[in-house]
Amino acid sequence: MRFGCLQVLLLASLGASGPVALAGTPATPGGAQAVLLQAAGARLLVELVDPAAPLFPGDEVGVYAADPRRDPRTGELVDGFRYAGDGTVTWRGPLVEVQLTRPGSLREGGALVIGTPLGRPPTPAWRPEPVVAEPEPLASVPAPVAEPPRARSRPLRSALAPLGRDLDGRVLGSVHARHLERFGGRRNALRTWGGFAGDGYDSGAATGGVAWIGRPRRGPARVEVGVEGLRGQRWVQGEGEGDEEWGLEPAVGYWMWSRVDSAGLGLAVFGGLGAGVDADGLALAWMAGVRTGDPDRSRIELWWEDRGGLGARAVLDGRVALADSLRLGVRARLGNLPRHDGDFLQTRADGALVASVDPAPWMTVTLAGGLGGYDLLLPDAGLVADAALEVRW
Amino acid sequence: MVTQLLAVVLLALSTPALAGGFSVRSAYTSSYGPDAYGLVHVGAQAGPDLEVGALWVGGNQPALLASAARTLRLHDLLVVRGELLLGMLRREGPSGGFELGARLDAHALTVVVEGGLLAGLGSFAEAGVDTTLAEGWVFQPRLRVETWAGDRDPALRVGLGLRRETASGWWVEVAGSAGGRDVLHMGPGLVLALGRSR
Chain A
5 MRFGCLQVLL LASLGASGPV ALAGTPATPG GAQAVLLQAA GARLLVELVD
55 PAAPLFPGDE VGVYAADPRR DPRTGELVDG FRYAGDGTVT WRGPLVEVQL
105 TRPGSLREGG ALVIGTPLGR PPTPAWRPEP VVAEPEPLAS VPAPVAEPPR
155 ARSRPLRSAL APLGRDLDGR VLGSVHARHL ERFGGRRNAL RTWGGFAGDG
205 YDSGAATGGV AWIGRPRRGP ARVEVGVEGL RGQRWVQGEG EGDEEWGLEP
255 AVGYWMWSRV DSAGLGLAVF GGLGAGVDAD GLALAWMAGV RTGDPDRSRI
305 ELWWEDRGGL GARAVLDGRV ALADSLRLGV RARLGNLPRH DGDFLQTRAD
355 GALVASVDPA PWMTVTLAGG LGGYDLLLPD AGLVADAALE VRW
Chain B
52 MVTQLLAVVL LALSTPALAG GFSVRSAYTS SYGPDAYGLV HVGAQAGPDL
102 EVGALWVGGN QPALLASAAR TLRLHDLLVV RGELLLGMLR REGPSGGFEL
152 GARLDAHALT VVVEGGLLAG LGSFAEAGVD TTLAEGWVFQ PRLRVETWAG
202 DRDPALRVGL GLRRETASGW WVEVAGSAGG RDVLHMGPGL VLALGRSR
């Protein structure tokens, strides 16, 4: 308290104006506040906090760098500025380039103030003197020396790191930022879809649903909750003999559905749970898969989905972005959805071409069409067609 | 039926081909016996590291599959590629498989190793060394073991290929091979491929 009063009196006596610096909160040196983007030797590329700051090529300036230091009494980190030398403004645009008279050790991303030149050598960064303990005269056994903490080993993260870079070694970046930039900051969407998958033998399933999709600013790339229904018919084996024992019966199921996608452009995992009812009562469903690539542009997804008693299938869905708003790809599904009830080959496959277009940032339309069945014969093939509409806000 | 499906796939993927990166790889392999097959692999690229396409195999065991591939640089000198395939065989029903490959760049030489497995169709393994003859010209000797087209006894083949790359990103490959399961079942093979890097 005494020191605070003394400081106010001292500043008042010196005619200080503006906000009074309180203890532990140093005043900002006069000048233009900036952030150091890049440092290449003595050349600095900085971004001004106030783009209208009066700085012009040829101006002689002094550079002051934010340099937090540890209070030797309390051990706390205290903010402050260090005089980093004088220089000349050599380029002025959206950014400002400053050529220092001698290179200094500056931290990229750190705060700077570009102010009055002092004409003196820069202040060196503070380095505490190492304390050398003298051995005690009678000590015969050296004291154990504590090893410095080792960097935490992350073998899995290291092994997966190449997935997060392109072939030129560039880091692919954040899936969150890409989505927000691409769709104008819209983070919510309503997705409705429906379609039919037949197998050429009057059996197959129509599915449809509606879901809310949220894209958080951080954490999971996508969270989805919705309802989904499946109706169709499947072959079942009855009590009769020969061909009469076979018959078609309805296949029905309705679920509440959820899905979560991890963030990641190189490799992401996703999965979901569903619970509802089908002809046998309580129906549980789940799905799990992996994705590589940007989910809103070029990407490959492979997942397994299990609808309990109604069957399961594997899905491979790959799409390539041809333009900002158009993606084309292929989709293949292998499985037995809806599952038949009898002792015969149930696994079938379907393939479809998929087109996805964004007429506006708030809307995406996806269309898929192809054939499915038990072999590659046209008489045995069934039609596969589905569509989805996603509206964002 | 297979031809119609292939026409649809080719037509659909011709748009990406016109837009930028694509590849079309065709091959015919004969062993002068019952084992012969041809294939066409069409792919659209989203940059050099991701490709989506379709594979048609004809011959003893026709098949049509969707494919998706990702290429990774594990090291400055090492690039690996993985491809997933999912689709259907002509008679055997649904099928799936994978292909894995690696390229190790060592100055003027590039060591190439790849292999794959497709349920019901067979497997293959191939190795070779790419040599740059001149700017844009690459010589590609190959050694291949395969059981494709019927999953029969392994056949051993040797081949020589030539690849031409242009500054605008276009490339063409031509390769010829010979081999088979034994001296009575040997025959020629031919590979034609072209594409454009995006």
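Chains A and B, in that order, give the protein sequences.
Take 5 as the starting number for the first sequence in my numbering and just add one per residue.
Take 52 as the starting number for the second sequence in my numbering and just add one per residue.
Don't be surprised by glycine CBs; every beta carbon is placed ideally from N, CA and C.
Here the structure is a predicted model, which means the values were calculated and not measured.
Rounding to the nearest angstrom, what Cα-Cα distance links GLY223(A) and SER302(A) in this structure? 21 Å
Would you call the stretch 184-198 of chain B and the stretch 210-226 of chain B in contact, with 3 or more CB pairs under 8 Å? yes
Would you kindly work out how many angstroms separate the C-alpha atoms of GLY220(B) and VAL53(A), rounded to a whole number? 43 Å
Leaving out five residues on either side along the sequence, give the residues of the same chain with a beta carbon under 8 Å from the beta carbon of GLU80(A). ARG74
Does the stretch 155-169 of chain B come within contact of the stretch 327-335 of chain A, defined as at least 3 CB pairs closer than 8 Å? no
Output, in sequence order along the chain, the residues in the stretch 350-379 of chain A whose CB is closer than 8 Å to any CB in chain B. THR351, ARG352, ALA353, GLY355, LEU357, LEU375, GLY377, TYR378 and ASP379
Three or more C-beta pairs below 8 Å linking the stretch 72-80 of chain B and the stretch 386-397 of chain A: no
In chain order, what residues of the same chain have a beta carbon less than 7 Å from the beta carbon of GLU64(A), not counting five sequence neighbours either side? ASP90, THR92 and PRO121
How many angstroms separate the CA atom of PRO67(B) from the CA atom of GLY246(B)? For PRO67(B), the predicted model reports a pLDDT of 48, less than 50, meaning its position is unreliable and no value from the coordinates is stated.
Kindly say whether GLY293(A), judged by its beta-carbon, lies nearer than 9 Å to any beta-carbon of chain B. no
Mapping DSSP to helix, strand and coil, what is LEU235(B)? coil
Report buried or exposed for GLN241(A), applying the criterion of at least 16 other Cβ atoms within 10 angstroms of its Cβ. exposed
Suppose you measure from the CA of ARG233(A) to the CA of GLN350(A); what does that come to, to the nearest Å? Arg is not the amino acid found at residue 233(A); the sequence shown has Gly there. Rounded to whole angstroms, GLY233(A) to GLN350(A) spans 22 Å at the Cα level.
Check the Cβ of ARG335(A) against every Cβ in chain B and list those closer than 8 Å, keeping chain order. ALA117
Comparing alpha-carbon positions, which option in PRO125(A), ASN192(A), ALA201(A) and THR78(A) lies nearest LEU341(A)? ALA201(A)
Out of ALA88(A), HIS344(A), ILE217(A) and ASP284(A), which one is the CA nearest neighbour of LEU393(A)? ILE217(A)
SER81(B) and PRO205(B): beta carbons closer than 9 Å? no
Using a cut-off of 9 Å between C-beta atoms, extract the partners of PRO166(A) located in chain B. LEU123, ARG124, LEU125, HIS126 and VAL131
Just to confirm my understanding: we take LEU49(A), look at its own chain, exclude 5 residues before and 5 after, and list those with CB closer than 6 Å. What are they? LEU41, GLN42, LEU99 and GLU101
Residues that DSSP places opposite GLU232(A) in a beta bridge: GLY213(A) and TRP259(A)
Quick check on this structure: which residue in ASP203(A), ALA316(A), MET291(A) and ALA283(A) has the alpha carbon closest to the alpha carbon of ALA255(A)? ALA283(A)
What's the gap between the Cα of GLY236(A) and the Cα of ASP206(A)? 9 Å
For SER174(B), which of helix, strand or coil comes out of DSSP? strand
Curious, which full-length alpha helix (DSSP H) runs of at least 4 residues does the stretch 150-180 of chain A contain? 159-164
Using a Cβ cut-off of 9 Å, pull out every chain B residue sitting near ASP170(A), in sequence order please. GLY98, PRO99, ASP100 and ARG124
Note down, in chain order, each residue of its chain lying with its Cβ closer than 8 Å to the Cβ of TRP308(A), except the 5 sequence neighbours on either side. MET291, ALA292, GLY293, ALA316, ARG317, ALA318 and VAL319
In terms of residues, what are the limits of the beta strand (DSSP E) holding PHE200(A)? 192-202
Would you mind telling me which residues of chain B sit closer than 8 Å to ALA318(A), beta carbon to beta carbon, in chain order? LEU137 and GLY147
So which residues of chain A does ARG141(B) contact, with C-beta pairs closer than 7 Å? ASP379 and LEU380
Tell me whether ALA110(A) sits in a helix, a strand or coil according to DSSP, three-state version. Note on residue identity: the sequence assigns Leu, not Ala, to residue 110(A). Coil at LEU110(A), not helix or strand.
In terms of DSSP beta bridges, what is VAL324(A) paired with? LEU332(A)
7 Å CB neighbourhood of PRO107(A) in its chain, flanking five on each side removed: GLY45 and ALA46
Grab me the residues of ALA385(A)'s own chain with a C-beta within less than 6 Å of its C-beta, minus the 5 sequence neighbours each way, in chain order. GLY204, LEU375 and GLY377
Assign HIS92(B) to one of three DSSP states: helix, strand, or coil. strand
Just to confirm, are ALA372(A) and GLY189(A) a CB contact at a threshold of 9 Å? no
Quick check on GLN103(A): buried or exposed, where buried means 16 or more other Cβ atoms within 10 Å of its Cβ? exposed
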